[in-house]
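Enquirer:
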Amino acid sequence: MATKIIKTLLIIPTYNEKNNISKVLDEVLSLKIDYLDILIVDDNSPDGTAEVVQEYGQKNPNIILKQREGKLGLGTAYIAGFEYAIEKKYDYIFEMDADLSHDPKVIPNFLNAIEEADLVIGSRYLNGVNVINWPLRRLFISVMASQYTRIITGLPIHDCTSGFKCFRREVLEKIPLQEVSSSGYSFQIEMNFKAWKRGFRIKEVPIIFYDRTVGDSKMSKKIIIEAIFMVWKLKILSLFGHY
Ligand SMILES: Nc1nc2c(ncn2[C@@H]2O[C@H](COP(=O)(O)OP(=O)(O)OP(=O)(O)O)[C@@H](O)[C@H]2O)c(=O)[nH]1
Ligand SMILES: [Mg+2]
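In the numbering used here, the protein residues as written are 8 to 250.
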């Protein structure tokens, strides 16, 4: 009997990551994972990130570039990637940042874990705190965001805002993607919550998170405020039978 080929898509959103993206792509390619494609969703980065990706794409047909006309936000970049993954029938779909905060070497750990789960989240807070070089303020906000989300919604996850994760396609097919309204950190919370509410199995694997050393952060007060309100919206709407 022929064994089924498992196709994986690694979605990397980029905005001004010219000086990080080559290293990320080199590291992912060096893992030599079977049937892995990489989709870069670039929002017309002024620094020319897309040109670097195009060069890689010419040499590696499994690197795909999706260019959007301008900075449309991280949430919609993921949604565009998810829709591509559903259309092309990838089995496992990763989210990963381009700024080297997420170490590609642990991708195989996610692939092991997803065999027994529907959503695997790379957690910074599983065995203590595994964050390198973040200012204390940033760490505090991140830890509090997860605690806050857990207390209000009951979501049984240690790291609710992690952007390093892997979904089975079925999860993305069951969540109405056009209704996902968050753009910043709360995008991760909203997806986790909706997967959990639908009864999908969620597993966390430990990761070490390294603060970016190159390029600029897109973190803002607006993103934090969005998350504060989103958590209540999820809780209240779910009480009325939504989600
Ligand atoms: N396509 C697209 N990618 C984005 C956008 N905003 C951020 N990104 C990318 O999303 C990933 C995460 O963004 P970061 O700026 O690292 O945000 P963060 O990880 O929350 O914050 P820092 O790591 O502290 O800078 C990176 O790969 C960014 O380049 C956007 O509007 N569009
Ligand atoms: Mg980052």
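Just so you know, even glycine gets a beta-carbon here, dropped at the ideal spot from N, CA and C.
1) Determine the extent of the alpha helix (DSSP H) in which K172 is found, giving its start and end residues.
2) Measure the beta-carbon distance from D166 to Y217 and round it to whole angstroms, keeping in mind my assumption that it falls under 8 Å.
3) Counting C-beta neighbours from all protein chains within 10 Å, is the total for V178 16 or more, i.e. buried, or is it exposed?
4) Could you pull out every unbroken alpha helix (DSSP H) segment of at least 4 residues lying fully inside the segment 16 to 47, listed in chain order?
5) Between V194 and Y85, which are expected to be in contact by the criterion C-beta below 8 Å, what is the C-beta distance as a whole number of angstroms?
6) Taking the straight line between their C-alpha atoms, what separation do you get for G203 and L16?
7) In terms of residues, what are the limits of the beta strand (DSSP E) holding L72?
8) Would you kindly work out how many angstroms separate the C-alpha atoms of E102 and G170, rounded to a whole number?
9) Any heavy atom of ligand 1 closer than 8 Å to the beta-carbon of G222?
10) Whole angstroms is fine: what's the gap from G35's alpha carbon to I45's?
11) Residues in the same chain with beta-carbon distance under 6 Å from I18, minus the five sequence neighbours each way, listed in chain order, please.
12) So S52 and K25 are supposed to be a Cβ contact under 8 Å. How far apart are they, rounded?
13) Use the C-beta contact count for E76: other C-beta atoms within 10 angstroms, 16 or more gives buried, fewer gives exposed.
14) Taking the alpha carbon of Q74 as the point to measure from, which residue in P20, I243, T156 has its own alpha carbon closest?
15) For L81 versus K225, is the C-beta spacing smaller than 9 Å?
16) Quick one: which unbroken alpha helix (DSSP H) runs of 4-plus residues sit fully inside the segment 153 to 239? Chain order, please.
17) In terms of residue numbering, what span does the beta strand (DSSP E) encompassing E122 cover?
18) What did DSSP end up calling G64 once you bin it into helix, strand or coil?
19) Measuring from the CB of G206, is there a heavy atom of ligand 1 at a distance below 8 Å?
20) Name, in chain order, the residues that DSSP records as bridge partners for D54.
21) Beta strand (DSSP E) containing Y99: first to last residue?
Expert: Taking the coordinates as given:
1) Element bounds for K172: not the alpha helix (DSSP H) but the beta strand (DSSP E), 172 to 175.
2) Here D166 is actually not in contact with Y217; their C-beta atoms are around 15 Å apart, not less than 8 Å.
3) With at least 16 other beta carbons inside 10 angstroms of its own, V178 counts as buried.
4) 25 to 37
5) Note that residue 194 is Phe in the sequence shown here, rather than Val. Cβ-Cβ separation between F194 and Y85: approximately 6 Å, consistent with a contact (criterion under 8 Å).
6) One point to set straight first is that residue 203 is Trp, not Gly, in the sequence displayed. W203 and L16: Cα-Cα distance of roughly 22 Å.
7) 70 to 74
8) 6 Å
9) In this structure, G222 has its CB closer than 8 Å to one or more heavy atoms of ligand 1.
10) Reading off the sequence shown, one finds Val at residue 35, where the question assumed Gly. Here the C-alpha atom of V35 lies approximately 9 Å from the C-alpha atom of I45.
11) Non-local beta-carbon contacts of I18 in its own chain, meaning distances under 6 Å to residues more than five positions away in sequence, involve L46, G88, E102 in chain order.
12) 7 Å
13) E76 should be labelled exposed.
14) P20
15) yes
16) Counting only runs of 4 or more, we get 176 to 181, 193 to 204.
17) Taken as a continuous stretch (DSSP letters only), E122 belongs to no beta strand (DSSP E), as it is neither H nor E.
18) helix
19) no
20) Looking at the DSSP assignment, D54 forms no beta bridge with any residue, so it has no partner.
21) 99 to 102
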